[in-house]
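Position 152, counted from 1, in the sequence shown is what UniProt numbering calls 152; the numbers after and before it change by one each time, with no gaps. Just so it is clear, CB atoms sit at the ideal spot from N, CA and C, and this is done for glycine as well. To start, the structure under review is shown below, and the notes come after it.
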Amino acid sequence: MMRALVIDDEPLARAGVLARLRHCPDIDVLAELGDGPAALAGIRESRPDLVFLDVDMPGLNGLDVLAALPASERPLAVLLTAYEQFAVQAFALDVVDYLLKPVEDERFAEAVARARQAWRFRHQATPSPMVDPRPQAGYLSRFTVRYGSRLVFVPADDVEWIDAAGDYATLHVAGREYLVRTPLHRLIEALDPAVFARVHRSAIVRVDRVAELRTLGNRDALLRLRDGTPLRASRTYIDALLAALEKQRSTA
């Protein structure tokens with residue numbers, strides 16, 4: 001169960017969030033807070049998994065509250081604000097979602113779903129040795145990336161392949177590239193293994209985008225995707241890839 005704080009200087013806004021969260025049995029609201037300094041102290045004291053956080057508050061704004069916390073102590077955050085201009089700063093702090101007031105029920109539900117997904121992703125990054133590190137449900141369904149000055153939400157279903165870029169990864173989507181702040185080894189654990197397969201230490205492909213596979217003498221293989229992109233599949237991953245291709249063929 002996720003432990004949450006609701007932080008907003010407007011009592012009506014807090015009440016609206018709390019009313020919606022009553023329909024989320026997997027979220028335990030620890031407290032509601034009304035200003036920035038109280039928010040910072042409350043986060044440090046209760047160490048919540050998630051905060052619903054107003055940006056424009058007296059004393060200390062919501063972005064400053066997050067920035068004052070070390071990344072390792074920063075909870076997942078859904079920002080609440082009437083102003084769009086904070087979106088880029090919000091992205092830099094890796095917030096889960098950014099809701100414009102007045103918040104619509106559908107957008108709120110979407111933000112909660114993304115928080116659940118991010119919470120699972122965060123917990124599976126450091127699993128117990130006796131726990132399967134792959135999420136059992138709710139695989140990553142979309143990515144939040146910065147494209148120019150905008151935040152762009154990229155459905156996982158649209159991603160054709162992914163390659164490593166150091167501690168980042170590049171999504172390849174219909175001729176466009178999007179950089180995400182997640183290393184490849186964490187992405188493959190969060191993506192549905194029935195849909196995506198790792199083919200190399202530096203590449204993941206969407207299985208149904210593979211148009212051709214040609215094996216090489218050293219058990220590596222050359223892949224050609226539907227758009228013509230050539231990729232090399234390492235012998236380390238070839239057996240799992242062949243199994244995924246066969247499973248896809250048999251269920252088609």
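Limits of the unbroken alpha helix (DSSP H) element including residue i
{"i": "residue 189", "result": "184-190"}
{"i": "residue 64", "result": "62-67"}
Check whether residue i and residue j have beta carbons under 8 Å apart
{"i": "residue 115", "j": "residue 103", "result": "no"}
{"i": "residue 219", "j": "residue 232", "result": "no"}
{"i": "residue 156", "j": "residue 184", "result": "no"}
{"i": "residue 2", "j": "residue 26", "result": "yes"}
{"i": "residue 211", "j": "residue 224", "result": "yes"}
{"i": "residue 16", "j": "residue 35", "result": "no"}
{"i": "residue 242", "j": "residue 207", "result": "no"}
{"i": "residue 30", "j": "residue 5", "result": "yes"}
{"i": "residue 229", "j": "residue 161", "result": "yes"}
{"i": "residue 101", "j": "residue 80", "result": "yes"}
{"i": "residue 187", "j": "residue 169", "result": "yes"}
{"i": "residue 50", "j": "residue 75", "result": "yes"}
{"i": "residue 108", "j": "residue 20", "result": "yes"}
{"i": "residue 145", "j": "residue 180", "result": "yes"}
{"i": "residue 240", "j": "residue 194", "result": "no"}
Start-to-end residues for the beta strand (DSSP E) that takes in residue i
{"i": "residue 71", "result": "Segment: none, residue 71 is in no beta strand (DSSP E) and carries neither H nor E."}
{"i": "residue 45", "result": "Note, residue 45: premise wrong, no beta strand (DSSP E); alpha helix (DSSP H) at 36-46."}
{"i": "residue 33", "result": "27-33"}
Residue i, DSSP secondary structure in three states
{"i": "residue 133", "result": "Reliability of the predicted coordinates at residue 133 is poor, the pLDDT of 37 falling under 50, and the value obtained from them is presented with this limitation in mind. In this structure, residue 133 counts as coil in the three-state DSSP scheme."}
{"i": "residue 82", "result": "coil"}
{"i": "residue 5", "result": "strand"}
{"i": "residue 96", "result": "coil"}
{"i": "residue 106", "result": "helix"}
{"i": "residue 128", "result": "Because the pLDDT at residue 128 is just 34, under 50, the model does not fix this residue reliably, and the value given afterwards should be weighed accordingly. Note: residue 128 maps to coil in three-state DSSP."}
{"i": "residue 12", "result": "helix"}
{"i": "residue 249", "result": "helix"}
{"i": "residue 120", "result": "helix"}
Paired residues, beta bridge with residue i - DSSP
{"i": "residue 19", "result": "Answer is none; residue 19 lacks a bridge partner."}
{"i": "residue 254", "result": "Since the first and last residues shown for the chain are 1 and 252, residue 254 lies out of range."}
Chain B within 8 Å of residue i, Cβ atoms only
{"i": "residue 248", "result": "The structure shown contains no chain B; it is built from a single protein chain."}
Worksheet item: Can you list, in chain order, the stretches of the beta strand (DSSP E) that have 3 or more residues and sit fully within the UniProt domain "HTH LytTR-type" (143-247)?
Response: 150-155, 161-165, 168-173, 176-180, 196-200, 203-206, 210-215, 221-225 and 230-233
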